[in-house]
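Presented below is the structure to which this report refers.
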Amino acid sequence: MLLLGMKSLELLTRKSGKLKMLLTEHFCKTQGPCVCLCTSSYLRSKKKKENGYEQVDQERYMNLVRSVTSSKASPQTPETLFEEDNLIYGPVSKFKPPVKDVEAKIPKNWVPLINSNKRTLPPNSDRKHLLKIGLQRHKVPSVTSVLQQTMPLDQAFYLKRWKQRMILALGKDGFAEYTKNILLQGKLFHAALESVFLSEEVPLKEPEKDTTASGYLASVQHILRDISGVKALESAVHHETLHYSGLVDCVAEYRGQLCVIDWKTSEKSKPYLRNTFDNPLQVAAYTGAINHDANYDFQVHCGLIVVSYKDGSPAHPHFMDSDLCSQYWNKWLLRLEEYTEKEKNNNAIETS
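Heads up: the sequence shown begins at 8 in my numbering, then just goes up one per residue.
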C-alpha cells in the first residue's frame, strides 16, 4: 500500500521536481517508527474516554458504585459484607445438584422396620392406660444426637448462615435468649397438648396463663379432631438391636391409622414434607424403636409430622404411610452407620 501511494504521488508531482525531491527524501530515509497521519477533523471528533462504571445499572447497584467510585473507602463490617453479598449475587440459591448413587446405597447392618414378632393393633382399639415411660440414661446415642452429628454439609451451611444472621441482628446474648424462648414455647406447647389428650377434650379457649401456647393450640385444632386412640405421650423408646434411644411425642391414631406423631413449632411456613429437613428420619427412627422395644406390645407402621404456628395459622400435617416410612427408615440406618463410623474414628484418635 505504501509503494502504491508513492507511485501515485510521483505521478501527480512529476512536473514538480522540488516536491518530488522532498517526498523521495522523506520516504527514502532509514527505516524508523511507522508514522500515522491523521486529519484535524479526526482529532476534533475524538470522544473523551468513558468511565466504565457509567455502564453499570446505577439504580440497582447504587451503593456498590458509590463505594467503588468514592474517594473515601468505608470500612468493611460483617453487616456490609452480607449486604454486598445479597446485592451482587442475590439470595442464596437453594438448588441442590443431583446426588448420584444415593438410591443404590444399602445399609450394611440392615434391620427391618417392622417386627414380625409383634402384633399390629386393629383400628380404633382402646387402652386403659397411656404409656409414659421415663427416659433412661442409656449408654447409647439419642436420635437427635445422631442426626446432628451426621447433618449433610449443605444443611449445616444454611443452619450456620442463619445463626450468623441472627447473631448480627440480635447479638450473642439476644440470640441465646431467643433460643431459650423457642425451647420454652415448645415445652409449653407439648404440655398443653398433653393436657388436651388426658382430658380427652379439645378446649375452645386456653387459660390466661397458657397464652404462650394458645396460638400453637389454635393452629392444630383442625388436626386434633382427626386424632383418637392415644397410646403413648412423651414416652421413651429404645431400639434393642441397633442400640439408640429417643423420646416420642405421641403415638395415636390419625384418621384411623396408628402413627408416631411429632409436634413441631415453626416461625416459617412448611407446607411440604421436604421443608421439614430431618424430621421424617426422626419419625422413622422412633417408629423402628417402638417396634423393637419390649415395653410396647404393639407396633406402628405410619408417621405424622404436624407443623404448628404461633400466630394460629392452620398447621400443616405431613402424613407418612408405611412405604414412605420404610424409605426414610433406610436413610436413617445409613445415618446411624455414619455416626457409628465417626465415633470409632474419634475413639481411635483419642487412644492413639
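Cβ coordinates follow ideal geometry from the N, Cα and C atoms, glycine included.
Computed from a prediction, not measured in an experiment: that's the story for all the values here.
Asked, Found
"Using a Cβ-Cβ cut-off of 6 Å (strictly less than) and excluding sequence neighbours within five positions of K271, which residues of its own chain qualify?", "V314"
"Run the CB neighbour count on R342, radius 10 Å, all protein chains shown included, and call it buried at 16 or more, exposed below.", "buried"
"Once DSSP output is grouped into helix, strand and coil, what is the label at V209?", "In this predicted model, V209 has a pLDDT of only 46, less than 50, meaning its place in the structure is not dependable; the value taken from the coordinates is given anyway. Coil at V209, not helix or strand."
"Nearest chain B C-beta to I356 closer than 9 Å, yes or no?", "The structure shown contains no chain B; it holds only a single protein chain."
"Within its chain, find whatever has a CB closer than 6 Å to the CB of E260; leave out the 5 residues flanking it on each side and keep chain order.", "S235, G236"
"Assuming L265 and Y335 are in contact, meaning their beta carbons sit under 8 Å apart, how far apart are those beta carbons, in whole angstroms?", "Actually they do not touch by this definition, with Cβ atoms about 17 Å apart."
"Ordered along the chain, which non-local residues of its own chain (more than five positions away) have a Cβ less than 7 Å from that of W117?", "L340"
"So what's K238 in DSSP terms, helix, strand or just coil?", "strand"
"Provide the residue span of the beta strand (DSSP E) that contains G253, from first to last.", "251–261"
"Could you have a look at A322 and say whether DSSP puts it in helix, strand or coil?", "coil"
"Along the chain, where does the beta strand (DSSP E) that runs through L154 open and close?", "Careful: L154 lies outside any beta strand (DSSP E), inside the alpha helix (DSSP H) at 150–156."
"Could you give the C-beta distance for I230 and A322, rounded to a whole number, given that I count them as a contact under 8 Å?", "6 Å"
"Can you grab the Cα-Cα spacing for the pair I189 / H308, in whole Å?", "31 Å"
"Mind checking which residues open and close the alpha helix (DSSP H) that includes Y333?", "A small fix is needed here, since residue 333 is Ser in this sequence, not Tyr. Its alpha helix (DSSP H) spans residues 329–358."
"Could you give the distance in angstroms between the alpha-carbon of F204 and the alpha-carbon of S333?", "28 Å"
"How should T358 be labelled, buried or exposed, when 16 other C-beta atoms within 10 angstroms of its C-beta is the threshold for buried?", "exposed"
"Cβ of A292 within 9 Å of Cβ of G141?", "no"
"Return the residue from the list E345, D318, K112, R262 that minimises the CA-CA distance to L224.", "D318"
"Let me check understanding here. Comparing Cα to Cα, which of V255, L200, H136, Q192 lies closest to R232?", "L200"
"Beta strand (DSSP E) containing I230: first to last residue?", "Where I230 is concerned, there is no enclosing beta strand (DSSP E), although the alpha helix (DSSP H) it sits in stretches over 228–231."
"Figure out for me which residue from V150, T127, K139, K125 has the closest Cα to the Cα of K360.", "Because the chain spans 8 through 359 in this model, residue 360 falls outside it and cannot be assessed."
"Take V147 and list the residues in its own chain whose beta-carbon comes closer than 8 Å to its own, dropping the five residues that flank it on each side.", "H245, H250, Y251, S252"
"What separation, rounded to the nearest whole angstrom, lies between the Cα atoms of R126 and F305?", "5 Å"
"From I113 to E344, what does the alpha carbon distance come to, in whole angstroms?", "11 Å"
"Return the chain-ordered list of same chain residues with a C-beta closer than 7 Å to the C-beta of D256, the five sequence neighbours on each side being excluded.", "H197, E241, I268, D269, W270"
"I need the boundaries of the alpha helix (DSSP H) containing I297, first residue and last residue.", "286–298"
"Considering only the alpha carbon of each residue, which of L254, L137, A220 lies closest to R144?", "L254"
"If we ignore side chains and look at the alpha-carbon of each, how far apart do T283 and E348 end up?", "26 Å"
"Could you give the DSSP three-state label for D269: helix, strand or coil?", "strand"
"Buried or exposed for Y363, please, with buried defined as at least 16 other CB atoms from any protein chain shown within 10 angstroms of its CB.", "For the chain, the structure presents residues 8 to 359; residue 363 sits outside this window and is missing."
"What are the boundary residues of the beta strand (DSSP E) that G310 is part of?", "309–316"
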